[in-house]
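Per the numbering used here, the very first residue in the sequence shown carries number 48; after that it's consecutive.
For each residue, glycine too, the CB sits at the ideal point set by N, CA and C.
Reading through the structure tokens given below for one structure.
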Amino acid sequence: MILCCGEALIDMLPAVTEQGDPCFRPLCGGAAFNSAIALGRLGAPVALVSGLSEDQFGRQLHHELTASAVETGLAIVSDRATTLAYVSLQDGDASYRFYDHGSAMREITLADMPLVPKETLGLLFGGISLCNGPFATTLCSYAEKVADQHLVMLDLNIRPGFAEDEEAYRQRLERMVRLSDVVKLSEEDMEHFFPSDSRETQDKLKGLFDLGPRLVLQTKGARGVMALRPDGPPIVVPGRKVVVSDTVGAGDSFNAGFLTYLNDQDLLNKEKVALLSDEHLQRALTFAVQVASITVSRAGANPPRRAELG
């Protein structure tokens, strides 16, 4: 089983009523939620570790999880409100404004967190859940408890504008990098994580190996992805040519595709990922890019089911 640890929220996407008036359409989202949905649709055993509200949006999230074969028994349910993310779209790219104070996600403590099921193979962390509140610290402590025995993948997915204390946020991200076997970051993440570093891209990325990860993935949007290991040449997979509707959930779908391939090939553990062959890494990245390309071809975070991959 794969545990997706982080936020489950409602993306309020701009829309237009039948009368032509602007409005917002509530869609399920959040990094951990999106990856869990994608994993479930791809047939991987998956559970969400997050806060779910008992309000109408929480029920909407729960319904979507169940419909995509995601285990919800590890979620922490409360009467606190669901986190809302108002989305702005420009040329298909998404930016967000979050409303999170006192939410079902934000207030989770380590005492609230579930025991890791014995069938768990890997855990995925990342997203705004690492920014603020008790849950941010809780996730770091949870990762520390499991990192010795389970594969940990981190999607940096940096949101500096949402962090109330940017220095504390940066320290949490560095702490999570040290606990992770696989780190994924985008070109935008690079700018935030290495703000005043003049080294070449590959040199910056290789510097992460000094902190602990055995595999670093840099996504480049339409241009694909590059994977680096401490030893061996970079592995580069180009993007797929698609008509982009928007990029909501693209990185989350990529993560799910990558982990699904590892799970399918019985490679989802710390030792095997550290020794991935060029062939397996190339195939894993190719599958992940395919999954993400379908997601960006339609509105919102709507990842494909396995049958859509051909």
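Specify, as a first and last residue, the run of the beta strand (DSSP E) that residue i falls within.
i, result
"CYS52", "49 to 52"
"ALA321", "No beta strand (DSSP E) holds ALA321; the alpha helix (DSSP H) holding it covers 317 to 321."
"SER125", "123 to 125"
"SER82", "Note, SER82: premise wrong, no beta strand (DSSP E); alpha helix (DSSP H) at 78 to 88."
"GLN274", "In the sequence on display, residue 274 carries Ala and not Gln. Start and end: 272 to 275."
When you compare the CB of residue i with every CB in chain E, is at least one pair closer than 8 angstroms?
i, result
"LEU332", "No chain E is part of this structure, which consists of one protein chain only."
What is the residue span of the alpha helix (DSSP H) that residue i lies within?
i, result
"PRO181", "180 to 193"
"MET223", "213 to 226"
Tell me which same chain residues have a C-beta within less than 6 angstroms of the C-beta of residue i, skipping the five on either side of it?
i, result
"SER300", "ALA85, VAL338, ALA339, THR342 and PRO350"
"ASP58", "LEU74, GLY76, ALA132 and VAL134"
"SER227", "VAL199, LEU201 and PRO260"
Are residue i and residue j closer than 8 angstroms when you measure CB to CB?
i, j, result
"LEU95", "VAL124", "no"
"VAL284", "VAL134", "no"
"PHE172", "ARG153", "no"
"LEU264", "VAL229", "yes"
"LEU232", "ILE282", "no"
"PHE145", "PHE104", "no"
"THR119", "HIS110", "no"
"GLY304", "ALA335", "yes"
"GLY90", "ARG261", "no"
"SER82", "ASN302", "yes"
"LEU186", "PHE240", "no"
"ALA122", "GLY149", "no"
Can you tell me which residues form a DSSP beta bridge with residue i?
i, result
"LYS231", "ASP202 and LEU264"
"PHE71", "PRO61"
"ASP140", "GLN137"
"ALA114", "Answer is none; ALA114 lacks a bridge partner."
For residue i, which residues in the same chain have their Cβ closer than 8 angstroms to its Cβ, ignoring the five residues on either side in sequence?
i, result
"LEU168", "MET48, ILE49, HIS197, LEU198, ASN310, LEU315 and ASN316"
"PRO69", "PRO61, ALA62 and VAL63"
"ILE323", "Note that residue 323 corresponds to Leu in the displayed sequence, not to Ile. Taken in chain order, the residues that qualify are LEU262, ARG276, LEU314 and ALA331."
Grab me the residues of residue i's own chain with a C-beta within less than 7 angstroms of its C-beta, minus the 5 sequence neighbours each way, in chain order.
i, result
"ARG330", "TYR308"
"TYR189", "CYS52, LEU157 and MET160"
"SER142", "SER135"
Whole angstroms is fine: what's the gap from residue i's alpha carbon to residue j's?
i, j, result
"VAL63", "GLN137", "16 angstroms"
"GLY174", "GLY67", "34 angstroms"
"ALA348", "VAL291", "12 angstroms"
"PHE80", "GLY180", "19 angstroms"
"ILE27", "ASP313", "In the structure displayed, the chain extends from 48 to 357; residue 27 sits before or after that span and is not available."
"ASP293", "GLY87", "22 angstroms"
"GLY77", "GLU54", "5 angstroms"
"ILE155", "LEU201", "20 angstroms"
"ASP212", "GLU235", "20 angstroms"
"ALA274", "LEU252", "10 angstroms"
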